[in-house]
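Student: One rule links them: number in full-length UniProt numbering = place in the sequence shown (from 1) + 1.
All C-beta atoms in this analysis are idealised placements derived from N, C-alpha and C, irrespective of residue type, glycine included.
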Amino acid sequence: FLNGKRALVTGSTSGIGLAIARALRAEGAEVVLNGFGDEGAIAALKDELGAQHVDADLTTAAGCQALMDGAGPVDILVNNAGMQFVAPVEEFPVDRWDGIMALNLTAAFHTIRLAVPHMKQAGWGRIINTASAHSKVASPFKAAYNAAKHGLDGLTKTVALELAPYGITANCVSPGYVWTPLVENQIPDTMEARGLSRDQVINDVLLAKQATKKFVQPEEIGAVAVFLCRDEAQNVTGANWSVDGGWTAE
Ligand code: NAD
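Put into structure tokens, the structure is as follows:
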């Protein structure tokens, strides 16, 4: 049902973004990939998805502009690129704060402002932002991530209201813990910040939050993104849809 629609998914060379790109492609969308990775792996993804890849670092306004110039007009914009860093607030490296705010929040402002003119002209658009359970609740030692994701929720609600008259919806999808490199890579720092073993971090910190006691699979986020693109979802806007095993229900 997405034949003729062009979808840009940021951070789609890995994890959740890749699953969203695959899900949108399976429904017929033309996909534009973005994200880092080795050349061979990116070439294989381009082949698999018949996709274009735009190489751009989204931590700068210039990088976001280069992405949007390279991608051309898009009907579906998925702001998914993100990173994490775990440290006590008084030790939180300032450059990590700046980088996380730039990628996890400010990049979405840039891509949205640059994508909206085409969507308005087309009278149809979908903006889907990968937020997080941490856009609704906090965990210690994630000052920048939590602040950025709460901010992304606020940005999403704002543009949802502004763009509603134009057939454009804007929503967040908020995963709990999904087993991707982003989660795997934070385990050592969490072990150090909390003085725990690897198994304790997985079972007592990560899965402790999720009533289902299961990691979310990236494909489950792809399925929600597909639903948000349907005409039946035209009145779903400004929402922040949890896929978190019940974490934020508590
Ligand atoms: P991941 O590390 O597997 O993928 C991150 C993607 O972003 C990669 O494609 C990477 O190349 C790209 N990227 C990183 N820095 C970039 C930059 N400066 N410019 C452009 N692209 C860049 O991570 P993931 O777990 O798939 O996370 C995707 C999104 O989901 C993030 O926004 C993350 O905060 C969010 N999220 C993840 C989880 C989880 O448990 N994994 C939970 C909630 C929210």
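With a threshold of 9 Å between beta carbons, is R195 in contact with chain C?
Tutor: Note that chain C does not occur in the displayed structure, where there is just one protein chain.
Student: Relative to the alpha-carbon of A250, which residue among T157, H135 and D205 has its alpha-carbon at the smallest distance?
Tutor: Along the sequence shown, read from residue 1 onward, the residue named residue 250 stands at position 249. It is H135.
Student: Using DSSP bridges, identify the partner residues of E31.
Tutor: Stepping through the sequence shown from its first residue, residue 31 is reached at position 30. Per DSSP, R7.
Student: Give me the Cβ distance between V87 and Q187, rounded to the nearest whole Å; I'm assuming they're in contact under 8 Å.
Tutor: Taking the sequence shown and counting its residues from 1, the one referred to as residue 87 is at position 86. Taking the sequence shown and counting its residues from 1, the one referred to as residue 187 is at position 186. About 5 Å separates the two Cβ atoms, so the contact holds.
Student: Restricting to Cα atoms, I'd like to know which of I21, F216, E28 and L156 is closest to F2.
Tutor: Numbered from its first residue, the sequence shown carries residue 2 at position 1. Closest option to F2, Cα to Cα, is E28.
Student: Find the nearest neighbour of P182 within the set Q85, R26 and A209, judged by alpha-carbon distance.
Tutor: Residue 182 sits at position 181 when you count from the first residue of the sequence shown. Among Q85, R26 and A209, the Cα nearest to that of P182 is on Q85.
Student: For a quick check, are the C-beta atoms of G239 and A161 less than 9 Å apart?
Tutor: As a first step, residue 239 must be located in the sequence shown, where it is residue number 238. As a first step, residue 161 must be located in the sequence shown, where it is residue number 160. Contact: yes.
Student: Taking the beta carbon of T131 as the centre, do at least 16 other beta carbons fall within 10 Å, making it buried, or is it exposed?
Tutor: By one-based count along the sequence shown, residue 131 stands at place 130. The residue is buried, with at least 16 neighbouring Cβ atoms inside 10 Å.
Student: Run through DSSP, which three-state label would G71 get?
Tutor: As a working mapping, residue 71 is identified with position 70 in the sequence shown. If DSSP states are grouped into helix, strand and coil, G71 belongs with the helices.
Student: What does the alpha-carbon distance come out to for the pair Y167 and L115?
Tutor: The count along the sequence shown starts at 1 and reaches residue 167 at position 166. The count along the sequence shown starts at 1 and reaches residue 115 at position 114. Straight-line Cα distance between these residues: approximately 16 Å.
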